[in-house]
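Trainee:
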Amino acid sequence: MSKEMEIEFKNLLNKDEYDNLLAEYQLSESSLKTQTNIYFDTPDFKLKAKKMGLRIRLSNSTTEFTLKTPTSNQHTLLEVTDYLSSFTSELSLVEQVSLETSEVAEYLIHEGIQLSSLQSIGKLTTTRGEVSLQSNVLLVLDKSLYYGKTDYELEMEVADAKEGALIFKDILKKHHIPVRQADKKIARMLAYKQQTEA
2 MSKEMEIEFK
12 NLLNKDEYDN
22 LLAEYQLSES
32 SLKTQTNIYF
42 DTPDFKLKAK
52 KMGLRIRLSN
62 STTEFTLKTP
72 TSNQHTLLEV
82 TDYLSSFTSE
92 LSLVEQVSLE
102 TSEVAEYLIH
112 EGIQLSSLQS
122 IGKLTTTRGE
132 VSLQSNVLLV
142 LDKSLYYGKT
152 DYELEMEVAD
162 AKEGALIFKD
172 ILKKHHIPVR
182 QADKKIARML
192 AYKQQTEA
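Note that our numbering has the sequence shown beginning at 2, numbered continuously upward.
1) Report yes if the C-beta distance between Phe10 and Glu154 is below 8 Å; otherwise report no.
2) Taking C-alpha atoms, which residue in Thr127, Leu142, Ser90 and Leu85 lies nearest to Asp17?
3) With distance defined between alpha-carbon atoms, name the residue in Asn12, Thr37 and Ser145 nearest to Thr63.
4) Do Thr128 and Lys144 have their CB atoms nearer than 8 Å?
5) Mapping the DSSP letters down to three states, classify Asp45 as helix, strand or coil.
6) Taking the DSSP output, what are the residues bridged to Arg1?
7) Going by alpha carbons, who is nearest to Glu131 out of Lys34, Glu96, Lys49 and Ile110?
8) How many angstroms separate the CA atom of Thr43 from the CA atom of Lys185?
9) So Thr77 packs on Ala162, CB below 8 Å; how close in whole Å?
10) Rank Glu25, Val180, Ile110 and Leu85 by C-alpha distance to the C-alpha of Leu48 and give the top, closest one.
11) If you run the structure through DSSP and keep just helix, strand and coil, what is Glu112?
12) Specify the secondary structure class of Ser32 as computed by DSSP and reduced to three states.
13) Give the secondary structure of Tyr148 by DSSP, where H, G and I count as helix, E and B as strand, and everything else as coil.
14) I'd like to know whether the C-beta atoms of Ile187 and Tyr84 end up nearer to each other than 8 Å.
15) Comparing alpha-carbon positions, which option in Met6, Tyr26 and Asp171 lies nearest Gln75?
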(Lines of atoms letter the chains of each structure in order from A and count residues from 1; the text may use other names and numbers.)
(Lines give C-alpha, C1' and ligand atoms only; values in the text may rest on other atoms or scores of the structure.)
Protein backbone atom coordinates (compact mmCIF):
# COMPACT_ATOMS: atom_id res chain seq x y z
CA MET A 1 0.00 0.00 0.00
CA SER A 2 1.17 3.52 -0.72
CA LYS A 3 -0.25 6.99 -0.33
CA GLU A 4 1.32 9.96 -2.07
CA MET A 5 0.61 13.35 -3.55
CA GLU A 6 0.92 13.23 -7.33
CA ILE A 7 1.81 16.56 -8.93
CA GLU A 8 1.63 16.40 -12.70
CA PHE A 9 1.20 18.55 -15.76
CA LYS A 10 -0.40 17.22 -18.96
CA ASN A 11 -0.69 18.27 -22.58
CA LEU A 12 -2.23 16.42 -25.51
CA LEU A 13 0.07 15.82 -28.48
CA ASN A 14 -0.43 14.93 -32.11
CA LYS A 15 1.38 11.90 -33.54
CA ASP A 16 4.22 13.94 -35.07
CA GLU A 17 4.90 15.74 -31.79
CA TYR A 18 4.84 12.43 -29.93
CA ASP A 19 7.25 10.80 -32.41
CA ASN A 20 9.58 13.83 -32.29
CA LEU A 21 9.69 13.76 -28.48
CA LEU A 22 10.40 10.01 -28.48
CA ALA A 23 13.37 10.69 -30.77
CA GLU A 24 14.53 13.78 -28.84
CA TYR A 25 14.60 11.89 -25.54
CA GLN A 26 16.00 8.72 -27.17
CA LEU A 27 13.11 6.48 -26.18
CA SER A 28 13.29 3.36 -28.33
CA GLU A 29 10.42 0.90 -28.81
CA SER A 30 12.20 -1.58 -26.53
CA SER A 31 12.31 0.97 -23.67
CA LEU A 32 8.54 1.57 -23.73
CA LYS A 33 6.26 -0.23 -21.26
CA THR A 34 2.68 -1.33 -21.87
CA GLN A 35 0.02 -1.19 -19.17
CA THR A 36 -3.75 -1.65 -19.16
CA ASN A 37 -6.08 0.34 -16.92
CA ILE A 38 -9.53 -0.98 -16.05
CA TYR A 39 -11.68 1.82 -14.62
CA PHE A 40 -14.50 1.48 -12.09
CA ASP A 41 -17.40 3.57 -10.84
CA THR A 42 -20.89 3.07 -9.46
CA PRO A 43 -23.81 2.78 -11.93
CA ASP A 44 -24.76 6.39 -11.09
CA PHE A 45 -21.12 7.63 -11.33
CA LYS A 46 -20.60 8.65 -7.69
CA LEU A 47 -16.81 8.70 -8.11
CA LYS A 48 -17.04 10.91 -11.19
CA ALA A 49 -19.30 13.33 -9.29
CA LYS A 50 -16.60 13.57 -6.60
CA LYS A 51 -13.90 14.05 -9.31
CA MET A 52 -12.29 10.77 -8.26
CA GLY A 53 -10.85 8.05 -10.45
CA LEU A 54 -10.54 4.36 -9.56
CA ARG A 55 -8.57 1.85 -11.58
CA ILE A 56 -6.83 -1.47 -11.65
CA ARG A 57 -3.53 -1.14 -13.55
CA LEU A 58 -2.11 -4.32 -15.04
CA SER A 59 1.52 -4.32 -16.17
CA ASN A 60 4.15 -7.01 -16.60
CA SER A 61 5.45 -6.62 -13.07
CA THR A 62 2.58 -5.34 -10.90
CA THR A 63 -1.17 -5.16 -10.37
CA GLU A 64 -2.15 -1.87 -8.75
CA PHE A 65 -5.54 -0.84 -7.32
CA THR A 66 -5.45 2.97 -7.27
CA LEU A 67 -7.84 5.70 -6.19
CA LYS A 68 -7.06 9.28 -7.25
CA THR A 69 -8.78 12.11 -5.39
CA PRO A 70 -8.61 15.87 -5.98
CA THR A 71 -6.84 18.36 -3.73
CA SER A 72 -7.02 22.14 -3.56
CA ASN A 73 -4.31 22.41 -6.28
CA GLN A 74 -5.55 21.59 -9.81
CA HIS A 75 -2.24 19.88 -10.66
CA THR A 76 -2.11 17.75 -7.49
CA LEU A 77 -3.99 14.55 -6.70
CA LEU A 78 -3.92 12.33 -3.64
CA GLU A 79 -3.12 8.86 -4.95
CA VAL A 80 -3.85 5.83 -2.75
CA THR A 81 -2.59 2.50 -4.11
CA ASP A 82 -2.91 -1.11 -2.97
CA TYR A 83 -0.74 -3.75 -4.63
CA LEU A 84 -2.69 -6.87 -5.57
CA SER A 85 -1.25 -10.31 -6.22
CA SER A 86 -3.43 -10.61 -9.35
CA PHE A 87 -6.68 -9.51 -10.98
CA THR A 88 -9.18 -11.24 -13.23
CA SER A 89 -12.23 -9.68 -14.83
CA GLU A 90 -14.22 -12.88 -14.14
CA LEU A 91 -14.43 -12.03 -10.42
CA SER A 92 -15.85 -8.94 -8.71
CA LEU A 93 -13.67 -6.42 -6.88
CA VAL A 94 -15.07 -7.63 -3.55
CA GLU A 95 -13.83 -11.15 -4.31
CA GLN A 96 -10.29 -9.89 -5.08
CA VAL A 97 -9.63 -7.02 -2.67
CA SER A 98 -9.19 -7.66 1.04
CA LEU A 99 -11.48 -5.25 2.87
CA GLU A 100 -9.40 -5.70 6.03
CA THR A 101 -6.11 -4.58 4.49
CA SER A 102 -7.13 -2.35 1.58
CA GLU A 103 -6.42 1.35 2.10
CA VAL A 104 -8.36 2.08 -1.12
CA ALA A 105 -11.46 0.21 0.13
CA GLU A 106 -11.21 2.02 3.48
CA TYR A 107 -11.05 5.40 1.71
CA LEU A 108 -14.02 4.51 -0.50
CA ILE A 109 -16.11 3.40 2.48
CA HIS A 110 -15.25 6.69 4.22
CA GLU A 111 -16.67 8.42 1.10
CA GLY A 112 -19.86 6.32 1.34
CA ILE A 113 -19.01 3.96 -1.53
CA GLN A 114 -19.01 0.18 -1.07
CA LEU A 115 -16.79 -2.05 -3.24
CA SER A 116 -19.87 -4.15 -4.01
CA SER A 117 -21.47 -1.14 -5.77
CA LEU A 118 -18.59 -0.71 -8.24
CA GLN A 119 -18.58 -1.94 -11.82
CA SER A 120 -16.11 -1.74 -14.68
CA ILE A 121 -16.82 1.31 -16.85
CA GLY A 122 -14.03 1.04 -19.39
CA LYS A 123 -10.57 -0.11 -20.35
CA LEU A 124 -7.56 1.70 -21.80
CA THR A 125 -4.11 0.44 -22.83
CA THR A 126 -1.11 2.76 -22.68
CA THR A 127 2.38 2.45 -24.12
CA ARG A 128 4.58 4.60 -21.88
CA GLY A 129 8.06 6.06 -22.12
CA GLU A 130 9.71 7.77 -19.15
CA VAL A 131 12.80 9.96 -18.82
CA SER A 132 14.15 11.50 -15.64
CA LEU A 133 15.06 15.08 -16.58
CA GLN A 134 16.47 15.93 -13.17
CA SER A 135 15.90 14.97 -9.57
CA ASN A 136 12.12 14.93 -8.94
CA VAL A 137 11.21 15.71 -12.57
CA LEU A 138 9.93 12.79 -14.66
CA LEU A 139 8.91 13.33 -18.30
CA VAL A 140 6.32 10.81 -19.50
CA LEU A 141 5.17 10.16 -23.07
CA ASP A 142 1.94 8.15 -23.38
CA LYS A 143 0.23 6.60 -26.38
CA SER A 144 -3.21 5.42 -25.26
CA LEU A 145 -5.67 3.15 -27.08
CA TYR A 146 -9.34 2.87 -26.19
CA TYR A 147 -12.36 1.76 -28.22
CA GLY A 148 -10.55 2.21 -31.55
CA LYS A 149 -9.12 5.66 -30.72
CA THR A 150 -5.45 6.52 -30.23
CA ASP A 151 -4.31 9.61 -28.37
CA TYR A 152 -0.92 10.97 -27.40
CA GLU A 153 0.01 12.84 -24.26
CA LEU A 154 2.96 14.51 -22.59
CA GLU A 155 2.95 14.31 -18.80
CA MET A 156 5.45 15.62 -16.33
CA GLU A 157 5.51 14.42 -12.73
CA VAL A 158 7.23 16.78 -10.31
CA ALA A 159 7.81 17.33 -6.60
CA ASP A 160 7.12 21.09 -6.68
CA ALA A 161 4.14 22.57 -8.56
CA LYS A 162 5.63 26.04 -9.16
CA GLU A 163 8.95 24.75 -10.44
CA GLY A 164 7.15 22.07 -12.44
CA ALA A 165 4.92 24.62 -14.18
CA LEU A 166 7.98 26.55 -15.37
CA ILE A 167 9.81 23.46 -16.61
CA PHE A 168 6.69 22.19 -18.39
CA LYS A 169 6.12 25.52 -20.16
CA ASP A 170 9.77 25.54 -21.25
CA ILE A 171 9.49 22.04 -22.73
CA LEU A 172 6.36 22.98 -24.70
CA LYS A 173 8.01 26.19 -25.93
CA LYS A 174 11.29 24.47 -26.85
CA HIS A 175 9.45 21.91 -28.99
CA HIS A 176 6.90 24.39 -30.45
CA ILE A 177 3.99 22.46 -28.96
CA PRO A 178 0.80 24.47 -28.39
CA VAL A 179 -0.93 24.20 -25.03
CA ARG A 180 -3.77 21.68 -25.36
CA GLN A 181 -6.08 20.75 -22.52
CA ALA A 182 -5.54 17.16 -21.42
CA ASP A 183 -8.33 15.77 -19.30
CA LYS A 184 -7.58 12.68 -17.22
CA LYS A 185 -7.34 9.48 -19.24
CA ILE A 186 -10.51 8.12 -17.63
CA ALA A 187 -12.43 11.26 -18.71
CA ARG A 188 -11.14 11.08 -22.30
CA MET A 189 -11.92 7.37 -22.53
CA LEU A 190 -15.44 7.80 -21.12
CA ALA A 191 -16.24 10.77 -23.36
CA TYR A 192 -15.13 8.87 -26.46
CA LYS A 193 -16.97 5.69 -25.38
CA GLN A 194 -20.20 7.65 -24.84
CA GLN A 195 -19.76 9.43 -28.19
CA THR A 196 -19.35 6.14 -30.07
CA GLU A 197 -22.32 4.55 -28.28
CA ALA A 198 -24.64 7.50 -29.03
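Don't be surprised by glycine CBs; every beta carbon is placed ideally from N, CA and C.
Mentor: Put simply:
1) no
2) Leu142
3) Thr37
4) yes
5) Looking at Asp45 - three-state DSSP - the assignment turns out to be coil, as it is neither helix nor strand.
6) The question about residue 1 has no answer, for the chain in this structure spans 2 to 199.
7) Lys34
8) Thr43 and Lys185 have their alpha carbons spaced roughly 18 Å apart.
9) 6 Å
10) Closest by alpha carbon: Ile110.
11) Coil.
12) helix
13) Tyr148 falls in the coil class under three-state DSSP.
14) no
15) With distances taken between Cα atoms, Gln75 lies closest to Met6.
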